[in-house]
């Protein structure tokens, strides 16, 4: 995988989780007409676009790899990572309490886990 993109995704997701955690503490649900929530959604959208870039590059590299890589697991993590933030935001919009925003915290914190796992799967065979 791309080390710079992995690092940026990890730190951006942690920053988004911290931002959402502040909103949880302040008891602010995810409402798009509020500046803090709206900007958080924009930030999450940027992270999602970076995850899409990672997925496209990951599948291209997987197709051209000349060594043994667990393609099913690798592809599953690429696609699963793409689903985390949209599902968390959707759930948060349905749950109009602080706990809806807590789902965004958890969703954002899962992104670094997915990124680390992708890097482990990719590098397990030395490439």
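Residue numbers (the numbering used here): 642 to 768. No residue lacks a Cβ here, since even glycine has one placed at the ideal position from N, Cα and C. Since we're looking at a predicted model, the values are computed, not measured.
Of the choices the options, whose alpha-carbon is the least far from that of residue i?
i: residue 723; options: 677, 747, 692 and 711; result: 692
i: residue 748; options: 728, 699 and 650; result: 728
i: residue 694; options: 650, 732 and 750; result: 650
i: residue 655; options: 685, 672, 764 and 732; result: 685
By DSSP, does residue i sit in helix, in strand, or in coil?
i: residue 753; result: helix
i: residue 668; result: coil
i: residue 687; result: helix
i: residue 709; result: coil
i: residue 739; result: helix
i: residue 675; result: coil
i: residue 698; result: helix
i: residue 655; result: helix
i: residue 765; result: coil
Tell me the rounded alpha-carbon separation between residue i and residue j.
i: residue 680; j: residue 720; result: 25 Å
i: residue 762; j: residue 711; result: 7 Å
i: residue 689; j: residue 709; result: 28 Å
i: residue 733; j: residue 765; result: 36 Å
i: residue 673; j: residue 713; result: 36 Å
Since I believe residue j is in contact with residue i (beta carbons under 8 Å), could you give me their beta-carbon distance rounded to a whole number of angstroms?
i: residue 730; j: residue 745; result: 6 Å
i: residue 716; j: residue 759; result: Rounded, the Cβ-Cβ distance is 10 Å, inconsistent with contact.
i: residue 741; j: residue 670; result: 5 Å
>> Would the segment 654–674 count as touching the segment 696–714 if we require 3 or more Cβ pairs under 8 Å?
In response: The segment 654–674 makes no contact with the segment 696–714: fewer than 3 CB pairs, one atom from each, lie closer than 8 Å.
> Quick check: the segment 727–740 against the segment 644–653, are there 3 or more CB pairs under 8 Å?
Replying inline: Segments in contact, no.
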